[in-house]
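Asker: One structure is given below, represented as structure tokens, and several questions about it will come after.
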Amino acid sequence: MTVEAHKETLEFKAEVSQVLDLVIRSLYSNKEIFLRELVSNASDAAEKLRFEALSDDGLYEGESELRIRVEIDKEAGTLTVSDNGIGLSRQEVIDTIGSIASSGTRRFVEALSGDQAKDSKLIGQFGVGFYSAFIVADKVTLISRRAGLGAEHGVRWESDGRGSFTLETLEKSGRGTDVILHLKEDEKEFLDAWRLRSIIGKFSDHLALPVEMRKELYGEEAEKAKDAPPEYEQVNRGTALWMRNKSEITEEEYHDFYKHVSHDFDVPLAYAHNRVEGTNEYTTLLFVPKRAPWDLWERDAKHGVKLYVRRVFIMDEADKLMPHYLRFVKGVVDSDDMPLNVSREILQHNRKIDTIRQANTKRILGLLETLAKDEPERYGEFWDEFGRVLKEGPAEDFANKERIAGLLRFASTHSESDAQRESLDGYLERMKDGQEKIYYITADSAAAARHSPHLEVFRKKGIEVLLLSDRVDEWLVSHLTEYKGKTLHSVAKGDLDLGGLADAEEKEAKEKAAAEHGGLLERLKSTLGERVDSVRPSTRLVDSPACLVVGEHDMSANLARVLKAVGQSAPESKPILEVNIGHPLVKRLESESQDDRFADLALILLDQAQLAEGGQLEDPAAFVGRLNKLMLGMLMSGR
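Okay, structure coming up:
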């Protein structure tokens, strides 16, 4: 059948050209990576065909032996990576090879720092492996046909990577994909067969699929085979790495396999390789990355490990094999006794999957616990990248709540630097005699938490307070209400309860102040009206004139701000204004006889308390006006 050619030229989007330029510049120092990426893509295509053929073996088209071939043509100056995997339709070429132009590209570009070393790692995570071909090629041609479609549905994609690409329909007898690299003049080293075999052995030994190259013949043998079909030989080991004995695998091989499954260009922070036997037999090889992927917080991003059944690839991003708060984990799970036709729907209601998921969770938590105990500096690196994700754990995973809590780290008044993180176990060790609670404060920034007036009495008494300023912290403390028998308690909620640390004199002084200054408290409440629930003397404050407190069971002011910031409604609650009776400003307020001036001072006191805890004023202009009025009055009276 003759194909009516359908050719079109399409332009790359602006940000695509920017990413392509970054790929070439950032990865040039490690340019042999292009071959690893192309072979890895070919392996994925073969695995996808094997999976789809479980329900339709016609996709094999009479050729069930899957393989990858690397060919060189020294005369033409080309290097070709071919596979007989699932292949691509015309639309899939546009969607897949053009996926760099997806909606996430702009956010990816925004994440780039300009630091070449850091950007090269991001580029790997973004999954632009195909485009690494432009490091060594000044033109790339892709010819593909999807399995199951007729020969007339072949497609050719071609580009020099500078701004546009062409798409053309053609005939292709065999399924699969050929990627042809037209090498730059100064990259002809990649036409050397020995050099290519060395790279394949380094990066692709772990692939279960054979990677083939033409058998090298010399002398008389080469002369005899001149007119015969080419003979190929396997140049990689071709054994699934996770199925090999741990004692036979080098750390470098683990690292290379991690780079294959994650498309990361960095080595992993830690890994765990286990074989489980018994009623549920499976093998796991799990990795904790060094750095968070750029899309870790993307709502629609897919995360999870690769699922195999008896070495047959089933699916990428099998999210049911790992809890969501461990979504950064990469790796492979290979089950011996699950059905080959397992689907995402089956995964949701499968006891074997639940068992594997629980075991995976415990294994990763154990790996992190060992890291935290034996290598605290490396655990600090992990925390900086993934700490906020781990904080989702206590809400999601009740069974492991306390183990997760032991891995959490917080800024604290114990140290002067917000960069130094403290564990809950460390807090318990430093608790004062008679202290029954773990005290914390939430705020929308580290500075607001550290300088909150609510901490004044705690600093005076030397009681440590955890400083929580991540958005997820409010979610965390609503589910993590105690740790090892000690209740977590917000210093900005309810009456201040220091338990055995409170002085009887302080309680007596508060009751006495309420009685002696009842007139001031009533006058303040009357003036502030519906803005506050009540006004009372404070035992929290030492240096500040006032602070705002919410009821013991009310939503914190910080959580209400977080909800409003993301467009959600928060239940209305009025704060309690606590005043420091001994503060000069409060004493001055109490002696004020003019109602207008008293009202201005009272409102300024309330607004200052709101600002001190990181809140926003409903009417900033009115606050500035009152403040200017008082300042002007002071200046005038001073003349």
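Just so we're aligned: the sequence shown equals residues 1 to 639 in full-length UniProt numbering.
Backbone N, C-alpha and C fix where the C-beta goes; we use that ideal spot for every residue, glycine too.
Would Val624 be called buried (16 or more neighbouring beta carbons within 10 Å of its own) or exposed?
Answerer: exposed
Asker: Let me make sure I understand the geometry here. Which of Val549, Pro268, Ala318 and Leu181 has the alpha-carbon closest to that of Val70?
Answerer: Leu181
Asker: Roughly how many whole angstroms lie between the Cα atoms of Gln616 and Gln610?
Answerer: If I take the Cα positions, the gap works out to 7 Å.
Asker: Got a sec, what are the start and stop residues for the beta strand (DSSP E) Tyr282 sits in?
Answerer: Tyr282 to Val288
Asker: Between which two residues does the beta strand (DSSP E) harbouring residue 640 extend?
Answerer: The question about residue 640 has no answer here: the residues shown for the chain are numbered 1 through 639.
Asker: Taking a contact to mean a Cβ-Cβ separation below 8 Å, would you say Arg540 touches His454 in this structure?
Answerer: Cβ distance < 8 Å, so Arg540 and His454 count as in contact.
Asker: Within the continuous beta strand (DSSP E) that includes Asp160, where are the two ends?
Answerer: That residue, Asp160, is in no beta strand (DSSP E); it is neither H nor E in DSSP.
Asker: Alpha carbons only, please: which of Leu296, Lys512 and Ala45 is nearest the one belonging to Leu88?
Answerer: Ala45
Asker: So, with DSSP's three-state summary, where would you put Ser43?
Answerer: helix
Asker: If you drop the 5 nearest sequence neighbours on each side, which residues of the same chain put their C-beta closer than 6 Å to that of Pro210?
Answerer: Arg67, Gln234 and Gly238
Asker: Looking at the unbroken beta strand (DSSP E) that takes in Lys486, where does it start and where does it end?
Answerer: Lys486 to Ser490
Asker: What span of residues does the beta strand (DSSP E) with Thr279 cover, start to end?
Answerer: Per DSSP, Thr279 belongs to no beta strand (DSSP E) and is neither H nor E.
Asker: Mind checking whether Glu171 and Gly154 have CB atoms under 8 Å apart?
Answerer: yes
Asker: By alpha-carbon positions, which one of Ala301, Gln91, Trp157 and Leu606 ends up nearest to Pro545?
Answerer: Here the closest residue by C-alpha is Leu606.
Asker: Between Glu613, Asp334, Pro323 and Ile249, which lies nearest to Asp354 when the distance is taken from Cα to Cα?
Answerer: Pro323
Asker: Is the CB-CB distance between Val332 and Leu285 below 8 Å?
Answerer: yes
Asker: Tell me whether the beta-carbon of Arg421 lies closer than 8 Å to the beta-carbon of Phe410.
Answerer: Closer than 8 Å, so yes.
Asker: Taking the CB atoms as reference points, tell me whether Ala492 and Val550 lie closer together than 8 Å.
Answerer: yes
Asker: If I'm right that Arg162 touches Thr141 with Cβ under 8 Å, what's the distance once you round it to whole angstroms?
Answerer: Contact doesn't hold; Cβ gap of about 15 Å is too wide.
Asker: Compute the distance between the beta-carbons of Ile576 and Arg531, then report whether it is under 8 Å.
Answerer: no
Asker: Does any heavy atom of the ligand HEM sit closer than 7 Å to the C-beta of Lys188?
Answerer: The ligand HEM is not part of this structure, which contains no ligands at all.
Asker: Start and end of the alpha helix (DSSP H) containing Leu611?
Answerer: Asp595 to Ala612
Asker: Report yes or no: do three or more beta-carbon pairs, one from the region 309–328 and one from the region 263–271, lie closer than 8 Å?
Answerer: Touching, no.
Asker: How about Ala449 and Leu407: are their beta carbons less than 8 Å apart?
Answerer: no
Asker: When DSSP labels each residue in this structure, what does Val319 get in the three-state scheme?
Answerer: Reading the sequence as shown, one finds Asp at residue 319 and not Val. If DSSP states are grouped into helix, strand and coil, Asp319 belongs with the helices.
Asker: What number of angstroms, rounded off, separates the C-alpha of Tyr254 from the C-alpha of Phe190?
Answerer: 25 Å
Asker: So, helix, strand or coil for Lys48, using DSSP?
Answerer: helix
Asker: Are the region 433–447 and the region 464–472 touching by the rule of at least three beta carbon pairs closer than 8 Å?
Answerer: yes
Asker: In whole angstroms, what is the alpha-carbon distance linking Asp595 and Thr527?
Answerer: Roughly 9 Å separates the two Cα atoms.
Asker: Tell me the rounded alpha-carbon separation between Ala53 and Leu38.
Answerer: 23 Å
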